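S.K.: Protein chains in written order, with the working numbering: chain Z, 53 to 417; chain L, 53 to 417.
Virtual Cβ for every residue (Gly too), placed ideally from N, Cα, C.
Predicted model, so just to flag it, every value in this text is computed and none were measured.
There are 2 protein chains.
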Amino acid sequence: MEPDGPARQVPGPIGGAQRGGSGIPGGRRKQRVSMADVARLAGVSSQTVSRVSNGHPGVVGATREQVLAAMRELGYRPNSAARALRYGQFNTIGVILFGLASTGNSRTVEAIATHAAAEGYAITLIPIGIPTQDNVLGAFTRMGELAVDAVIVIIEIHLLDAGTVTLPPGVHVVVVDSDAGDRYSVVDTDQAEGARLAVRHLLDLGHHTVWHVTGPKTSFAAQRRAQAWRLALEEAGRPVPPPLHGDWSAESGYAAGLALAAEPGCTAVFASNDQMALGLLRAFHERGRAVPADISVVGFDDIPDASCFVPPLTTVHQDFAEVGRRCVQGVLRQIREGGASQPGTDLVPTRLVVRDSTAPPRTRR
Amino acid sequence: MEPDGPARQVPGPIGGAQRGGSGIPGGRRKQRVSMADVARLAGVSSQTVSRVSNGHPGVVGATREQVLAAMRELGYRPNSAARALRYGQFNTIGVILFGLASTGNSRTVEAIATHAAAEGYAITLIPIGIPTQDNVLGAFTRMGELAVDAVIVIIEIHLLDAGTVTLPPGVHVVVVDSDAGDRYSVVDTDQAEGARLAVRHLLDLGHHTVWHVTGPKTSFAAQRRAQAWRLALEEAGRPVPPPLHGDWSAESGYAAGLALAAEPGCTAVFASNDQMALGLLRAFHERGRAVPADISVVGFDDIPDASCFVPPLTTVHQDFAEVGRRCVQGVLRQIREGGASQPGTDLVPTRLVVRDSTAPPRTRR
DNA sequence: CTCTCTCTTGTTTACGTGAACATCACGAGC
DNA sequence: GCTCGTGATGTTCACGTAAACAAGAGAGAG
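Below, the structure written as structure tokens:
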């Protein structure tokens, strides 16, 4: 298509020519160098500068060189606001989330940012402090004014299913970790499959039943893992012990572990994430319950540290990178096809990583 | 100043009026609703719409209501590209980073995003896959084209100190975790102080010397922690054991731990982060070296999980939230004062959190 | 030699917004 | 009754870019 060099010319770091600096009395008006400035210096029209800037063909070598030289001298950088205005798009994807504290979120966001960058899109973070209806609603509304072509939502969307919230029209959206697949385009880890794998692994080892430490009630991922845990036990005809409730933190897992250590019949626990599993390990260690000899533990996420827990944790591996990739793919498809969000759920498979925290129950020996 | 209501009117979520959707054959030109459209419907001039949209005073009640109604009906949302073009700024801060994988980065970014949002600024993530000179340089250059008023750099800036790289002029910048304080405005955790606290704590417990597991050689934080470790030992007149090199990962800490477990004289280890400390704990556990009875371990970061390691980890607490806060403060000051980046380093203090992984050496008994 | 075709460059215009200025109506003060 | 001020609203224009169209120059064909 464009045989001559890179498609987009980038002016290198500049030397001087920063417009005097203190010359203008009023302040910082007109600090930026525009195409017109470059054109004037190069002795061409601004349209020619535009063509050079965008690597369009049809600019003869000598002219192009002149323009490039002028760009360098003035330190020209294209104004993306003007570009966005002209083209009607921002090449930016917004990401709405609660926080980056959880491993899953930060890794998903990282994958989103990386893949988006590869496609020429930047990522704008829209954090929501406290996950109240109002705050989420506010973020959605604010988003309408934001310089964003599409949005990826990484929050528990069921906070808004009262029906009061409608996404601004014309904004493409993909939702992560939600059961809103009937209304939005959803990308999600196959939570149910993962939980099932965990439970089946423990049952197959010979455990009579499996206890469960849940994530926070507000989390859909946690809900679904708990649901699948229950279902897997029921399918196998095993009793379903009362679940213990955690909040994703290791501390909450520790608290649950102290309680479970006092349950004599408990030989296997499935924690809804690896942090809580870590808390379990600590509690069992302190209470003298050996893992895996006395109690087996399975986590969820497969955070990098899990292989160095004591003992190394058997856990369900989540492919956050893949989730991020599909999110970007999803919004880009919407942007390019111009269509609205097509409802549907895109499930990313999970797999069980067996390490040293699970073993057959001692009573079986 | 503006006594009547909120300064910026936000149109609520709309009902219908999405411009037919399939009506336009050619595609997506003119999907957006502009001020002119609202003005036409409301029977006023677009300037009046602008005034209402920005909450300016001097629009009489009835007119304002008409305009608001028209906005609602059409689903008007202001075009931020046009706004940015008009005002010459984007209300956006760019964050250049390697990845969100490390706890520190993701928590710092979260704090940045939160504080920026509170000031009305959005965050644009500019991830750099592989930290080569070229990639970093590319990101800086690309940034010039990006819709960003200022930049926070969370990478090892010494990758670029060859002098070949100059930040685009007029872009305000704050650098995290760097020794470029002579050239840039730097915000950083007081790495040296933290490392010193860790070493002194172990020496004060009676250990003869302290071994060290470093972070990657490319990391300035790791370098400074190692340097401070060495200095603290020398100041106390103690021998300086050869440092072991890790890469921040728990696995690398585990490898170092296996080596250290074979060192009979090793009774105290300072790991450059908590993940590697976790690896140490695992290695010592597997080799039958009790922590803290046989060997004391100190980490760095105080990640939330550290309190649930086995045993709970003594570590140096870093205040990532404060780092993020000061970064935002720094760039905002630059933006508002219009000045360039004033060189200087802003140190955030650290503190030692003593838990159960440290104790006097057994030989002292 | 002229006509047309192509290749390069210039001119005009629109994108959506909001500051600056213009206009208009109305009421108070002389 | 006239002027002037005040407050509400309209008009013009510029922000920086790039598409669409226009114009000019040179080359090849008749």
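1. When we look at the beta-carbon of Z:D390 and count the other beta-carbons within 10 Å, is it buried (16 or more) or exposed?
2. Quick one: which residues of the segment 298-310 of chain Z get their C-beta closer than 8 Å to a C-beta of chain L? List them in chain order.
3. Can you list the residues of chain Z that L:S158 reaches, using a CB-CB cut of under 7 Å?
4. Around the Cβ of L:A345, are there at least 16 other Cβ atoms within 10 angstroms (buried) or fewer (exposed)?
5. Excluding the five sequence neighbours on either side, which residues of its own chain have a C-beta within less than 7 Å of the C-beta of L:S98, listed in chain order?
6. According to DSSP, simplified to helix, strand and coil, what is Z:A372?
7. Anyone know if the C-beta pair for L:V321 and L:V265 falls short of 8 Å?
8. Please identify, using Cβ separations under 9 Å, the residues of the segment 368-380 of chain L that lie next to chain Z, in order along the chain.
9. Whole angstroms is fine: what's the gap from Z:V343's alpha carbon to Z:V350's?
10. Can you say whether Z:E286 is buried or exposed, counting buried as having 16 or more other CB atoms within 10 angstroms of its CB?
11. Hey, could you find the ends of the beta strand (DSSP E) Z:W36 is sitting in?
12. Taking the alpha-carbon of Z:I355 as reference, which of Z:S348, Z:I347 and Z:T367 has the nearest alpha-carbon?
13. Scan the segment 230-300 of chain Z and note each continuous beta strand (DSSP E) run of 3 residues or more that stays entirely inside, going in chain order.
14. In the DSSP assignment, find the alpha helix (DSSP H) that holds Z:A314 and state where it starts and stops.
15. Considering Z:D326, what are the terminal residues of the alpha helix (DSSP H) in which it resides?
16. Give the interface partners of Z:D354 over in chain L, defined as CB-CB distance under 8 Å, in chain order.
17. Helix, strand or coil for Z:S129, going by three-state DSSP, please let me know.
18. Which stretch, first to last residue, makes up the alpha helix (DSSP H) that contains L:T160?
19. By the DSSP assignment, the beta strand (DSSP E) with Z:R414 in it spans what residues?
20. Straight-line CA distance for Z:F272 to Z:D229?
21. Going by beta carbon distance, what residues of the same chain come within less than 6 Å of L:R407, once the five residues before and after it are set aside?
22. Is Z:Q279 close to the ligand FMN? I mean its beta-carbon at under 7 Å from any heavy atom of the ligand.
23. For Z:H337, which residues in chain L fall below 7 Å Cβ to Cβ?
24. Please report the distance separating the alpha-carbon of L:F372 from that of L:A280.
25. Please state whether DSSP places L:G430 in a helix, a strand or coil.
26. List the endpoints of the continuous alpha helix (DSSP H) containing L:L152.
27. For a contact defined as C-beta to C-beta under 7 Å, what are the partners of Z:L198 on chain L?
28. Taking 8 Å as the threshold, find out whether the segment 109-121 of chain Z comes into contact with the segment 119-130 of chain L through three or more Cβ pairs.
29. Cβ of L:G215 less than 8 Å from any chain Z Cβ?
30. Between L:H297 and L:F352, what straight-line distance do the alpha-carbon atoms span, to the nearest angstrom?
31. Leaving aside the five residues before and after Z:N325 along the sequence, list all residues of the same chain whose C-beta is less than 7 Å from its C-beta, in chain order.
32. Would you please verify whether the beta carbon of Z:D89 is less than 8 Å from any beta carbon of chain L?
33. Inspect the beta-carbon positions of L:V96 and L:Y128 and report whether they are closer than 8 Å.
34. Skipping 5 residues on each side, what residues in its chain have a beta carbon closer than 8 Å to that of L:M53?
35. Considering L:A94, what are the terminal residues of the beta strand (DSSP E) in which it resides?
36. Short of 7 Å Cβ to Cβ, which residues in the segment 315-348 of chain Z face chain L?
M.R.: Based on what the coordinates show:
1. The question names Asp, yet the displayed sequence has Gly at residue 390 of chain Z. With fewer than 16 other Cβ atoms within 10 Å, it is exposed.
2. S301, A302, E303, G305 and Y306
3. L152 and S158
4. exposed
5. M87, A88 and A91
6. In the sequence on display, residue 372 of chain Z carries Phe and not Ala. In this structure, Z:F372 counts as helix in the three-state DSSP scheme.
7. yes
8. none
9. 11 Å
10. exposed
11. Residue 36 of chain Z is absent from the structure shown; chain Z starts at 53 and stops at 417.
12. Z:T367
13. 237-241 and 263-266
14. Run containing Z:A314: none; DSSP gives neither H nor E here.
15. D326 to E338
16. The contacting residues do not exist; Z:D354 stays about 13 Å from chain L at best.
17. Reading off the sequence shown, one finds Arg at residue 129 of chain Z, where the question assumed Ser. Coil.
18. T155 to A170
19. Where Z:R414 is concerned, there is no enclosing beta strand (DSSP E), given that its DSSP letter is neither H nor E.
20. 7 Å
21. P364, L365 and T366
22. Among the components of this structure there are no ligands whatsoever, and the ligand FMN is therefore not found.
23. V362
24. 20 Å
25. The structure shown does not extend to residue 430 of chain L, since chain L is modelled only from 53 to 417, so the question has no answer here.
26. Here L:L152 belongs to no alpha helix (DSSP H), and DSSP marks it neither H nor E.
27. S132 and A174
28. no
29. Only weak support exists for where L:G215 lies, its pLDDT of 49 falling under 50; the value from the coordinates is given anyway. Judged by the 8 Å Cβ criterion, L:G215 is not in contact with chain Z.
30. 15 Å
31. G267, W300, G351, F352 and D353
32. no
33. no
34. A caution first: L:M53 carries a pLDDT of 35, below 50, which makes its placement in the model too unreliable to give a value.
35. No beta strand (DSSP E) holds L:A94; the alpha helix (DSSP H) holding it covers M87 to A94.
36. Q327, L330, G331, L333, R334 and H337
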